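Heads up: the structure comes next, in structure tokens.
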Amino acid sequence: MAIHINTMHSSEVEVRYLYVNKDCGSVAGVWPYANKQRKWICRTAMIFIAITSLITQIAKVIIDLSVDSLIEQCPFLVIALGIIIKETNYIIHEEELKSVFGFLFKDWMMDRPKDEFDIMDKYAKRGLFFSRLYVANGCFCYIIFTLVAVTPRILDIVSPRNESRGVGFIYPAYYALDEEEHYYIILAHMLSVITVTFFVYISCDSIYMTIIQHACGLLNVTGYRFLSAVQDTDKNGNMKVADEEYQKVCFSVKAHQHAMEYIGMIERMHDSYLFLVVTLIILSFSITLVKATTMEPSVEFYKYCGFLVVQLVHLLFLSIQGYFIIMAHDNVYNNIYNGLWYLSTAKTQALYALALRRNLTPPLLTAGGIMTLDLESFSEILKASVSYCTVLKSS
């Protein structure tokens, strides 16, 4: 007999699995349950800082007016645009995001057998793992870019020369100020920009990964229900047992419908957003690769190498979520096929057949309905980026 456990309240779910989403999302203004006034203050601050960054970067391109300047600036322009796109997407879809988390909390509040709870727990922990790994990646990037900016000043203090080593900045920008005289003001603005980048990227992407992993948990719970609905027992024409098995299969079908509805909600929230983000990543990665391959080893070179790694991780984390959905759905199909359906009644077998047929078409996460996000598309994007890099270098 299945052992049932107590329900888990939403506050406990937040503390156990969603603290990265909640903490970073509250700062970025995208956590749907945060105070409304605080959300709009944070959102306004994030978008304002991103826009000021765009203005100073565009000014730099206009002042220099060269292809080299544009190539150097483009990856950083893409980052600033990414802030606005990510923030705007979750502002526009705030109600949908609230519904998605509402589904998630209700799923945890259900009284479940221990086996089902363990499945849900496994995928919730996987979502938390990805979120924490993403934070570590963000911290690495933050430290690298900050060190590049402050290293010349630190060396001037620790090991002074007859002349200054010059000023270092986090990214190229034009402020119409004397860079030596107003160095710390400019640096403070740039630090605010990468701080905003840190919180917006981590909050939006960790929320996406968390809700996708919850969807994987729902699909695996569905597969478990189909697999265990019919038991290898001697029924001897016992209609009560047959009816119980039929009800279990109906329950499994409803669980599958619920999981598919949940995935559909996620897809509708993110299809256009993912198309824009993936397009920007391809552009940024190609140009950063051009820049890195034409540089001699230096502090700037390692900054761009770190930037390449961060972009790869960003793309991988977005793409691999689609792969997880496909694998979870394949698991449902296999569990339906491997179930003891042949020991059940004709009407129960008919339900299994319908469920099997429904699972022939897996749910797909796409970038604007144009590109399916999975590991294959990840490799194709890398190939395309390298090809664009080759074209840019030869032109």
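Just so we're aligned, residue 988 is where the sequence shown starts under our numbering, counting upward by one. The beta carbon of each residue, even a glycine, is placed where N, CA and C say it ideally should be. Note that this is a predicted model, so its numbers are computed, not measured.
Bridge partner(s) assigned by DSSP for residue i
{"i": "A1354", "result": "M1358"}
The alpha helix (DSSP H) enclosing residue i, as first and last residue numbers
{"i": "N1184", "result": "Sequence check: residue 1184 is Thr here, not Asn. Residues 1170 to 1215."}
{"i": "E1059", "result": "1054 to 1079"}
{"i": "V1014", "result": "1006 to 1015"}
{"i": "H1245", "result": "1226 to 1280"}
{"i": "Y1339", "result": "1333 to 1345"}
{"i": "W1027", "result": "1023 to 1051"}
Chain-order list of residues whose beta-carbon lies under 6 Å from that of residue i (same chain, five-residue window excluded)
{"i": "H996", "result": "none"}
{"i": "I990", "result": "Only weak support exists for where I990 lies, its pLDDT of 49 falling under 50; the value from the coordinates is given anyway. Closer than 6 Å at the Cβ level, and outside the excluded window around I990, lie K1101."}
{"i": "F1117", "result": "M1196"}
{"i": "L1276", "result": "C1376"}
{"i": "K1026", "result": "G1016"}
{"i": "W1095", "result": "M995, V1000"}
Cutoff 8 Å; reference residue i; Cβ partners in own chain excluding five residues on either side
{"i": "M988", "result": "Only weak support exists for where M988 lies, its pLDDT of 41 falling under 50; the value from the coordinates is given anyway. Excluding positions up to five away in sequence, the list is empty."}
{"i": "A1325", "result": "This sequence places Asn at residue 1325; Ala is not what is there. L1214, listed in sequence order."}
{"i": "A1242", "result": "L1205, V1208, T1209, R1212"}
Member of the options whose CA lies at the smallest distance from the CA of residue i
{"i": "Y1375", "options": "I1274, M1107, I1079, G1309", "result": "I1274"}
{"i": "C1061", "options": "I1072, K1047, I1071", "result": "K1047"}
{"i": "N1207", "options": "K1370, D1105, T1353, L1351", "result": "D1105"}
{"i": "A1136", "options": "E1166, V1054, K1112", "result": "E1166"}
{"i": "L1261", "options": "N1318, Q1044, L1178, T1359", "result": "T1359"}
{"i": "T1075", "options": "K1093, S998, I1038, T1353", "result": "I1038"}
{"i": "M1107", "options": "L1164, Q1044, I1045, V1000", "result": "V1000"}
{"i": "M1282", "options": "E1059, V1054, L1052", "result": "E1059"}
{"i": "V1002", "options": "A1111, A1067, L1052", "result": "A1111"}
{"i": "I1357", "options": "T1348, L1064, L1263", "result": "L1263"}
{"i": "V1183", "options": "A1333, F1035, I1144, Y1339", "result": "F1035"}
{"i": "S998", "options": "K1093, N1321, H1316, V1373", "result": "K1093"}
{"i": "L1052", "options": "S1285, Y1161, M1177", "result": "Y1161"}
{"i": "D1230", "options": "P1349, A1333, I1144", "result": "A1333"}
{"i": "L1338", "options": "R1255, Q1234, P1284, P1349", "result": "Q1234"}
{"i": "R1255", "options": "S1285, G1355, L1134", "result": "G1355"}
{"i": "Y1310", "options": "E1103, M1177, N1008, Q1200", "result": "Q1200"}
{"i": "M1177", "options": "K1023, L1134, V1007", "result": "L1134"}
{"i": "K1109", "options": "A1315, G1125, A1123, A1371", "result": "A1315"}
{"i": "Q1308", "options": "K1370, K1009, T1353", "result": "T1353"}
Residues of its chain near residue i, where Cβ-Cβ distance is below 7 Å and the 5 sequence neighbours each way are ignored
{"i": "Y1121", "result": "I1189, D1192, S1193, F1304"}
{"i": "C1029", "result": "V1014, A1015, G1016"}
{"i": "A1202", "result": "A1246, Y1249, I1250, I1253, I1312"}
{"i": "A1279", "result": "F1288, Y1291, C1292, L1295"}
{"i": "F1132", "result": "I1157, I1181, K1290"}
{"i": "I1268", "result": "Q1298, H1301, L1302"}
{"i": "E1081", "result": "P1019"}
{"i": "C1128", "result": "G1293, V1297"}
{"i": "F1186", "result": "C1011, V1014, A1015"}
{"i": "Y1077", "result": "V1017, L1084, C1191"}
{"i": "A1340", "result": "none"}
{"i": "S1146", "result": "none"}
C-beta atoms of residue i and residue j nearer than 8 Å
{"i": "L1205", "j": "H1169", "result": "no"}
{"i": "G1114", "j": "Y1004", "result": "yes"}
{"i": "E1232", "j": "S1366", "result": "no"}
{"i": "I1130", "j": "F1156", "result": "no"}
{"i": "D1258", "j": "I1313", "result": "no"}
{"i": "S1364", "j": "S1271", "result": "no"}
{"i": "L1084", "j": "P1159", "result": "no"}
{"i": "V1087", "j": "I1198", "result": "yes"}
{"i": "A1342", "j": "V1240", "result": "yes"}
{"i": "L1351", "j": "V1217", "result": "no"}
{"i": "V1236", "j": "T1335", "result": "yes"}
{"i": "V1064", "j": "Q1044", "result": "Per the sequence shown, the amino acid found at residue 1064 is Leu instead of Val. For L1064 and Q1044, yes; Cβs fall inside 8 Å."}
{"i": "A1021", "j": "L1041", "result": "no"}
{"i": "P1349", "j": "D1317", "result": "yes"}
{"i": "I1368", "j": "N1346", "result": "no"}
{"i": "M1033", "j": "I1072", "result": "no"}
{"i": "V1007", "j": "R1099", "result": "no"}
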